[in-house]
Amino acid sequence: MAATQHPMQALAAFLPDGCFEPVVDYLNHYKVHLTITKKRKSVLGDYRHASMNSHHAITVNGNLNKFEFLITLLHELAHLLTFEAYSNRVEAHGKEWKMFYSKLLLHFTEKNIFPPDILQALQKSIRNPSATANGETELLMVLRKYNTVTRTDILLLAQVPEGVIFKTENGRLFKKGPKRRKRYECIEIHSGLKYAFSPICEVKIHMQ
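My numbering puts the first residue of the sequence shown at 7, with every later residue one more than the last.
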């Protein structure tokens with residue numbers, strides 16, 4: 007999927023029912039250039055603030071299911087609102103951003119957009135938003151149940167039992183170890199070196 011700047015009506019295909027108009031209101035009001043991109047390994051979305059020669063710009067991965075797409079977009083809109091209010095005078099994911107993100111989540115959860123399991127998982131984010139997807143593993147695991155294309159051989163690392171050998175996208179083999187704070191310490195089978203993995207890393211269990 008190539009990166010594309012979508013006309014507003016085309017955006018509806020990426021969003022859950024019932025949220026198109028409020029989303030477009032934000033995008034139009036703040037003159038946002040929204041770009042739908044191909045899958046990126048490191049980020050789900052991105053925000054760049056407006057300058058003298060450009061508008062606010064938000065990118066969101068186009069491979070996300072509709073609920074994950076919306077939540078990622080709200081995460082980036084919270085950055086926009088924070089910049090509008092404070093410019094660069096506050097931390098990127100500080101208390102000001104958390105306040106705006108919480109308000110956006112609360113606003114959209116009141117519109118009966120989300121299924122009950124996502125709604126329940128969102129309550130933690132509303133109370134104390136996390137700066138990255140790694141900090142919202144439980145929410146992402148619920149969200150990805152709604153992927154339209156489900157591969158039974160692909161798991162999130164958080165779903166793999168400790169001690170099991172798994173394969174990454176590039177074919178390297180690791181043994182899953184204990185969780186250290188927010189990441190799992192895993193040992194590469196070939197080298198014996200330790201690596202830290204995000205709980206939401208997509209892997210395959212190695213069948214010997």
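Glycine included, C-beta positions come from ideal geometry on N, C-alpha and C.
Check the Cα spacing between Y53 and each of F20, Y92 and A98: the tightest is with A98.
When rounded, the separation of the alpha-carbon atoms in A164 and A18 is 32 Å.
Note: L179 is bridge-paired with K173 in the DSSP secondary-structure output. For the pair F203 and P121, the Cα-to-Cα distance works out to about 29 Å. In the three-state reduction of the DSSP assignment, E168 falls in the coil class. The beta carbons of T43 and T65 sit about 5 Å from each other, so the pair counts as a contact at 8 Å.
Under DSSP, E191 takes part in a beta bridge, and its partners are A202. For L17, the secondary structure class from DSSP, reduced to helix, strand or coil, is helix.
Burial is judged here by how many other beta carbons sit within 10 angstroms of a residue's own beta carbon; A84 has at least 16 and is buried.
With a contact defined as Cβ atoms closer than 8 Å, P28 and K72 miss out at about 15 Å.
For L87, there is no enclosing beta strand (DSSP E); the residue is part of the alpha helix (DSSP H) that begins and ends at K72 to Y92.
Beta-bridge partners assigned by DSSP to G51: V66. Checking the DSSP bridge columns, you'll see I211 partnered with F172. Nearest neighbour of H212 by Cα position, chosen from Y190, K200, H113 and E175, turns out to be E175.
Secondary structure at I124: helix, using DSSP grouped into helix, strand and coil.
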